[in-house]
Each structure stands twice: as C-alpha cells, then as structure tokens.
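For the sequence shown, UniProt numbering gives the first residue as 1, with consecutive numbering after it. Using N, Cα and C, we set each Cβ at its ideal position, and we do this for glycine too.
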Amino acid sequence: MSVSGSDVTFSDHFSGVASTYAEFRPSQPEALIQWVVGLAPRRDVAWDCATGSGQAARALAEHFARVIATDASDAQLAHAASHERVTYRVATAEASGIAAASVDLVTVAQALHWFDLDAFYREVRRVRAPGGALAVWSYMSPHVDDPALDALLQEHMYGRLGPYWPPERRLIEEGYRTIAFPFDEVAAPAFNLVARWTLAQLAGYMRSWSATVRYVRAHGRDPIADFEAEARAALADGGEGARTVTWRYAIRAGY
C-alpha cells in the first residue's frame, strides 16, 4: 500500500474511530460494483474519492488496471488494506492532485454529503477523461428482520442519537434526490445491501456512526453500550444469533 500525504482541511467525523470503521463497515455488493463499472468507457483508471478504509476501491481494482483512492483522513487510510492495483493518497475531494483528463470513472461511496459540491464537481470535470462517468452512492438507514431489535435500533438511531447527527446526514435520508447533480444522469437500478450480523457486529457498526462519535465527545461515554444492554434483555437468545440487516441504496450517476 502506498500512501502520500498533504495538508488538508475537512470536517472529520471518523478519524477517531478509523479502526472500528474499517472492521465493521460493510463491503459494497458485487451487483452494485458491476453496474457502476459498466458505466466506464474504459477500464484504465478509476478514482475512488473519500475512500475511507478502501472497501469500494479494492472492489473496483478487480475491474480496473489502476485505482487511485483518496481520503482527507490519513487515519482512515492507515487502516486500508493493500491491493496491488490501488494507490492510496491523502487528499480532499475538492483538490485530488490527480492529472487532468486521466480518469475513466469517479466513484464516491458513502461520502458525497460531506463535500463542497460545487468544488468537487469542478474537480470531477477536470480529472475525467473523455466519456468518463461519475457514480455516487450511499446506503440508507438499516433495518433488522427481528421486529424487537429493529424497534430498538430505530429508537436509538432517531431518538437517543437523533440530536447528534450532523445536518448533512439528512441528504442520505432524502435518498440523495435533493442534491444538485449537474451531469447527464442515467437511471440506476434498485440495490440493497444485506448482511447477517450478531448483536455484537451491529453494535460495532453503530459505533462507527458520526452521531455516536459526537455523542461520545459531548458526554464522554459510549451510548451503544446502553443499546446492547437493552437488546440483550429484549432478545430470547441475548443477541448471540445472527439476524439479517438490510440497507437500501441511494444512487446518482451520469456523464
């Protein structure tokens, strides 16, 4: 893994939980990756912007000769797994340092809502090769197939943690449909992300949320411990068994 650094300024919600993010954030479904890759006119270079710990970048690398994966957080990149065709760099979305007209596909997984959109879109136009595509996506709020656990999850997400979500989070709740997207847009199929998780895995994922990070900063305690205790008490198996967690995707793509 190669990592190059620079001085960057950005709203940092995840550096402090970078190892948790890398361990518990789910990978992108292959069907989604296949559809996104199919947008590219060539498969020479892809730029995965705000790559986090590199889940989408490594998936793209199975289809592209080279993937440039940037993130403003060097802590996030420090937990990204190596791949021979992925080059990791510290850079903001708005100033990537990538050569002009060199990228066949630009992707943003789970991060567009944090960007200065006008500046990012200018950067996309600068780095795209002729015919190059942009695809952005985010999975939305999770639901669990166990009604008791899902009720606790929703209460925790929107009740206890409700005041701690950054305002940008509403763009995900709106399915990215209210975000300006000044490209020739193509319609995306419906995709879901599905995982089979124990309570411990679900709690680990919840600890990577921006709202959880802000709650801990405000109160100095882990709110997910309360959720785990309530869930263990409510579930017949104490949360030891795996349950199905499903997220619906919001996607925008175009040229």
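Per DSSP, the bridge partner or partners of residue i
i	result
E185	G254
D71	V90
D48	A69 and T107
H143	T246
residue 259	With the chain covering 1 to 255 only, the question about residue 259 has no answer from this structure.
Which of helix, strand or coil DSSP assigns to residue i
i	result
H83	coil
L134	strand
A231	helix
L193	strand
A95	strand
T20	helix
Y164	helix
T113	One point to set straight first is that residue 113 is His, not Thr, in the sequence displayed. It is helical.
S210	helix
Q154	helix
A236	coil
Q28	coil
F10	In this prediction, F10 scores a pLDDT of 44, lower than 50, which makes its location untrustworthy; no coordinate-derived value is stated.
I179	coil
G241	coil
E123	helix
G5	Confidence is the limiting factor: at G5 the pLDDT is only 42, short of 50, which leaves the residue's position unreliable and the question unanswerable from this model.
A61	coil
Nearest to residue i (by Cα), restricted to the options the options
i	options	result
A100	A46, E240 and A148	A46
A151	P26, W247 and F227	F227
S102	P182, V67, A75 and S82	V67
S210	D145, R169 and A190	R169
E23	P29, D222 and A80	A80
D118	F183, G97 and P147	F183
T51	T92, A229 and A133	T92
A180	D71, S96, I251 and G204	I251
Short Cβ contact (8 Å threshold) for residue i with residue j
i	j	result
A61	V37	no
A253	L39	yes
D104	R58	no
R214	Y164	yes
A236	R196	no
Y88	Q110	no
H156	T246	no
T20	S208	yes
Distance cut-off 7 Å: residue i Cβ against heavy atoms of the ligand MG
i	result
R170	Absent from the structure shown: the ligand MG. Ligands present: none.
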